[in-house]
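Novice:
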Amino acid sequence: MAEPDDKELIQQVAGGNERAFLALYDRYAAQVHALTLHILSDPMLAEEATQDTFLKLWSRARLYSAERGPVLVWLLTITRRTALDRLRLEARRPTLSTADDPDDFWRVIPDSKTTSEESRWRTLYLAVQSLTPDYRQVIELAYYQGLSQSEIAEELGWPLGTVKTRMRSAMEQLRRVWGNP
Amino acid sequence: MPSDSEHRPFIENISAYALGTLDAEESSVLEAHLQTCASCRDELAAYRQISGGLLMAIPPKAPPESLRQRLRQHLPSAQKSNHPRRTWSFNQLALGFAVVVLLALNLFSLFQMQSYQYQQAKLTREIQTSQIALAMLAYPGTQSLAINAPSVSGALLLDKDRSIAVLIVWNLPQLKNSQTYQAWLVNPQGERTSAAIFDPDPDLPFTSVSITSTSELSVFSSLGVTVEPAGGSKQPTGQRIFRIDF
Ligand SMILES: [Zn+2]
């Protein structure tokens, strides 16, 4: 029998099926956890945010509908929100480090087992890594730290116009590098 | 179609908007423009691919093994035994049904108290009565949407958060045995999903119907009621009695 797809699983989760829930957990825990870790930069907090995210998956599965796009994007959107809420709660200053984790780099080199879908995401990751530090910083602060453009301007001591220009250029560059269908 | 120079300030903000980083005031200005501009909506869709991609792009890192076990213990309503489990959709149905029963009881007692004046009661009065019943239910988060139709009155009680809706209709004519009323949920694309099949109770002045859906109710934009052959139809075929926009 074929493995149930994400949409079948999430319907079963909506019906209170714990086995389906664990199947989705096994499928996506590493991606959810990687995102909470990236946003929170603290293993304890990240683990809690990962747990909160999956508890939300359990209680909100019935709110998912196919129009919301792939299950994983929906789940990761919840993940980002949950981790950013947590970040605000902890009132932690955003991480400004642009240092690469060398492990990260090796983990994203596509290998023969990587599906084309996955290698597409990895390419985007590499595209982000290849941005100049100024560009990377605005993307990081905006998207992974949840700051508004005015907050970023304050944080970095740049004029708001500079933040806007750099963010726009960074996004244009990602769009160009990553290719947009 | 706005001219290029009108577009420019909006185009420049679209990528920031896709990242959710645009300041609130500028966001609402852009949102208003997006309503009217298809090319900016396309641009936004392209950038949303990137912001969505940025969520997927972080290299996976497994959480500690212990988390899986802890989650299993934390699942609020998970039963570890073989007892049949109540599902969310059953909960919704049960809650919706409870609302119908409460509402029917409330309305019925009001109706009994006021039956001597019922014949003279005006439509507005009847709507008011159902509003009173609604208030009596003290059901937080419930929206009441009035039916605007020449021959019938009533309201749809809607709780989008809990995906519960109850339709209350007054003065719905009895149909022939070969016919039934059918309610349809309509999404913004105009697709119709059957939500209830019902017949008015000849002993009550109103009909209350629990609206059910497998999708959350917030994806729909209106509800319509048509007359269909007994047993209902897959898609609406008969005359529309009324429509309620959410
Ligand atoms: Zn435009």
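First to last, the sequence lines map onto chains S and H.
So the first sequence is residues 8 to 188, counted in our numbering.
So the second sequence is residues -18 to 227, counted in our numbering.
Here a beta-carbon is modelled for each residue, glycine too, at the ideal position from N, C-alpha and C.
For the beta strand (DSSP E) that VAL133 of chain H lies in, which residues bound it at each end?
Specialist: Sequence index remark: in the second sequence, residue 133 of chain H carries index 152 (1-based). Premise fails: VAL133 of chain H is in no beta strand (DSSP E) and is neither H nor E.
Novice: Which word fits ASP12 of chain S, buried or exposed, when buried means at least 16 other C-beta atoms lie within 10 angstroms of its C-beta?
Specialist: Along the first sequence, one-based indexing puts residue 12 of chain S at 5. Exposed is the call here.
Novice: On the three-state DSSP scale, how would you describe GLU107 of chain H?
Specialist: Numbered from its first residue, the second sequence carries residue 107 of chain H at position 126. Because GLU107 of chain H sits at a pLDDT of 43, beneath the cut-off of 50, its placement in the model cannot be relied upon, and the following sentence gives the value as read from the coordinates. The answer is helix: DSSP assigns GLU107 of chain H an H, G or I state.
Novice: At which residues does the beta strand (DSSP E) containing GLU172 of chain H begin and terminate?
Specialist: Locating residue 172 of chain H in the second sequence gives position 191, counting from the first residue. Unbroken run through GLU172 of chain H: none, as it is neither H nor E.
Novice: Could you tell me which chain S residues have their CB closer than 8 Å to the CB of GLU(-7) of chain H, listed as they occur along the chain?
Specialist: The residue labelled residue -7 of chain H in the question sits at position 12 within the second sequence. Residues of chain S passing the Cβ test: LYS171 and ARG175.
Novice: Would you kindly work out how many angstroms separate the C-alpha atoms of ASP4 of chain H and LEU154 of chain S, rounded to a whole number?
Specialist: In the second sequence, counting from the first residue as 1, residue 4 of chain H sits at position 23. In the first sequence, counting from the first residue as 1, residue 154 of chain S sits at position 147. Looking at the two C-alpha atoms, the distance is approximately 9 Å.
Novice: Of all the options H:GLU197, H:LYS215 and H:ALA176, which has the alpha carbon lying nearest to the alpha carbon of LEU73 of chain S?
Specialist: Your numbering for residue 73 of chain S matches position 66 in the first sequence. First, the amino acid is wrong: residue 73 of chain S is Ala here, not Leu. Considering only alpha carbons, the answer is H:GLU197.
Novice: When you compare the CB of THR60 of chain S with every CB in chain H, is at least one pair closer than 7 Å?
Specialist: As a position in the first sequence, residue 60 of chain S is number 53, starting the count at 1. Closer than 7 Å: no.
Novice: Using the beta-carbon count (16 or more within 10 Å), is GLY34 of chain H buried or exposed?
Specialist: Translated into positions along the second sequence, residue 34 of chain H becomes position 53. It counts as buried.
Novice: Of all Cβ atoms in chain S, is any one closer than 7 Å to the Cβ of THR2 of chain H?
Specialist: As a working mapping, residue 2 of chain H is identified with position 21 in the second sequence. Judged by the 7 Å Cβ criterion, THR2 of chain H is in contact with chain S.
Novice: In whole angstroms, what separates the C-alpha of MET37 of chain H from that of ALA130 of chain H?
Specialist: What you label residue 37 of chain H is simply residue 56 of the second sequence in a count that begins at 1. What you label residue 130 of chain H is simply residue 149 of the second sequence in a count that begins at 1. Cα to Cα, the separation comes out at about 49 Å.
Novice: Determine, using beta carbons only, whether ALA160 of chain S comes closer than 7 Å to chain H.
Specialist: Looking up residue 160 of chain S in the first sequence gives position 153. Judged by the 7 Å Cβ criterion, ALA160 of chain S is not in contact with chain H.
Novice: Assign TRP185 of chain S to one of three DSSP states: helix, strand, or coil.
Specialist: Taking the first residue of the first sequence as position 1, residue 185 of chain S is located at position 178. Helix at TRP185 of chain S.
Novice: When the distance is taken between beta carbons, is LEU0 of chain H closer than 7 Å to ALA149 of chain S?
Specialist: Here residue 149 of chain S is taken as the residue at index 142 of the first sequence, counted from 1. Here residue 0 of chain H is taken as the residue at index 19 of the second sequence, counted from 1. Yes; because the gap between Cβ atoms is below 7 Å, this pair is in contact.
Novice: Using a beta-carbon distance cut-off of less than 7 Å, what residues from the region 35 to 52 of chain H approach chain S?
Specialist: So the close ones are LEU35, LEU36, MET37, ALA38, ILE39, PRO40, PRO41, LYS42, ALA43, PRO44, PRO45, LEU48, ARG49, ARG51 and LEU52.
Novice: Using the Cα positions of ARG143 of chain S and GLN18 of chain S, report the straight-line distance between them to the nearest angstrom.
Specialist: For the purposes of this step, residue 143 of chain S is taken as the residue at position 136 of the first sequence. For the purposes of this step, residue 18 of chain S is taken as the residue at position 11 of the first sequence. About 38 Å.
Novice: Roughly how many whole angstroms lie between the Cα atoms of GLN220 of chain H and GLU172 of chain H?
Specialist: Along the second sequence, read from residue 1 onward, the residue named residue 220 of chain H stands at position 239. Along the second sequence, read from residue 1 onward, the residue named residue 172 of chain H stands at position 191. If I take the Cα positions, the gap works out to 17 Å.
Novice: If you measure from the beta carbon of GLN180 of chain S to each beta carbon in chain H, is any gap under 7 Å?
Specialist: Taking the first sequence and counting its residues from 1, the one referred to as residue 180 of chain S is at position 173. For GLN180 of chain S, the answer is no, since every Cβ of chain H falls outside 7 Å of its Cβ.
Novice: Confirm the yes/no value for this check: CB of HIS(-12) of chain H, any heavy atom of ligand 1, distance under 6 Å.
Specialist: Within the second sequence, the letter at position 7 stands for residue -12 of chain H. At least one heavy atom of ligand 1 is nearer than 6 Å to the Cβ of HIS(-12) of chain H, so yes.
Novice: Contact between the region 25 to 36 of chain S and the region 144 to 161 of chain H: three or more CB pairs below 8 Å?
Specialist: No contact exists between the region 25 to 36 of chain S and the region 144 to 161 of chain H.
Novice: Report, in whole angstroms, the separation of the C-beta atoms of PRO41 of chain H and ALA41 of chain S, which I expect to be a contact under 8 Å.
Specialist: Here the question's residue 41 of chain H lines up with position 60 in the second sequence. Here the question's residue 41 of chain S lines up with position 34 in the first sequence. Right, the Cβ-Cβ distance comes to about 5 Å (below 8 Å), so this counts as a contact.
Novice: Is PHE(-9) of chain H near ligand 1, judged by its Cβ being under 6 Å from some heavy atom?
Specialist: Indexing the second sequence from 1 puts residue -9 of chain H at position 10. Correct: PHE(-9) of chain H has its Cβ closer than 6 Å to ligand 1.
Novice: Please return the same chain residues whose Cβ sits closer than 7 Å to the Cβ of PRO166 of chain S, not counting the five positions on each side in sequence.
Specialist: Counting from 1 along the first sequence, the entry for residue 166 of chain S is found at position 159. Result list for PRO166 of chain S: ALA160, in chain order.
Novice: Once the 5 residues before and after SER111 of chain H are set aside, which same chain residues still bring their CB inside 6 Å of it?
Specialist: For this step, residue 111 of chain H is matched to residue 130 along the second sequence. Note that SER111 of chain H scores 46 on pLDDT, short of 50, meaning its location in the model is unreliable and no value can be drawn from it.
Novice: Just to confirm before moving on: does the CB-CB distance between LEU126 of chain H and ILE225 of chain H stay below 7 Å?
Specialist: Taking the first residue of the second sequence as position 1, residue 126 of chain H is located at position 145. Taking the first residue of the second sequence as position 1, residue 225 of chain H is located at position 244. For LEU126 of chain H and ILE225 of chain H, yes; Cβs fall inside 7 Å.
Novice: Please list, in chain order, all residues of the same chain as THR89 of chain S whose beta carbon is under 6 Å from its beta carbon, the five residues on each side excluded.
Specialist: Here residue 89 of chain S corresponds to residue number 82 of the first sequence, with the count starting at 1. Here the set comprises ALA56, ASP59 and THR60.
Novice: Within the same chain, show all residues whose beta-carbon is closer than 7 Å to that of SER175 of chain H, passing over the 5 residues directly before and after it, in chain order.
Specialist: The residue you call residue 175 of chain H lines up with position 194 of the second sequence. Counting only Cβ-Cβ distances below 7 Å, and skipping sequence neighbours, we find GLN163, TRP165 and GLY213.
Novice: For VAL147 of chain H, decide whether its Cβ has a neighbour in chain S, counting only Cβ atoms nearer than 7 Å.
Specialist: Here residue 147 of chain H is taken as the residue at index 166 of the second sequence, counted from 1. For VAL147 of chain H, the answer is no, since every Cβ of chain S falls outside 7 Å of its Cβ.
Novice: What number of angstroms, rounded off, separates the C-alpha of GLU(-13) of chain H from the C-alpha of PRO169 of chain H?
Specialist: Walking along the second sequence from the start, residue -13 of chain H turns up at place 6. Walking along the second sequence from the start, residue 169 of chain H turns up at place 188. In a straight line, the C-alpha of GLU(-13) of chain H is about 28 Å away from that of PRO169 of chain H.
Novice: To which residues of the same chain is LEU11 of chain H closer than 6 Å at the C-beta, ignoring the five residues directly before and after it?
Specialist: To locate residue 11 of chain H, count along the second sequence from 1; it is residue 30. Correct list, in chain order: PHE(-9), ASN(-6) and TYR(-2).
Novice: Could you tell me the distance, in whole angstroms, from the CA atom of LEU82 of chain S to the CA atom of SER134 of chain H?
Specialist: If you number the first sequence from 1, residue 82 of chain S lands on position 75. If you number the second sequence from 1, residue 134 of chain H lands on position 153. LEU82 of chain S and SER134 of chain H: Cα-Cα distance of roughly 42 Å.
Novice: Sorted by chain position, which residues of the same chain lie with C-beta nearer than 8 Å to ALA30 of chain S's C-beta, five sequence neighbours on each side aside?
Specialist: Sequence index remark: in the first sequence, residue 30 of chain S carries index 23 (1-based). Cβ within range, chain order: PRO11 and LEU16.
Novice: Using a 10 Å radius around the Cβ and a threshold of 16 neighbouring Cβ atoms, would you call GLY23 of chain S buried or exposed?
Specialist: Within the first sequence, residue 23 of chain S is the residue found at index 16, counting from 1. Per the 10 Å Cβ criterion, buried.
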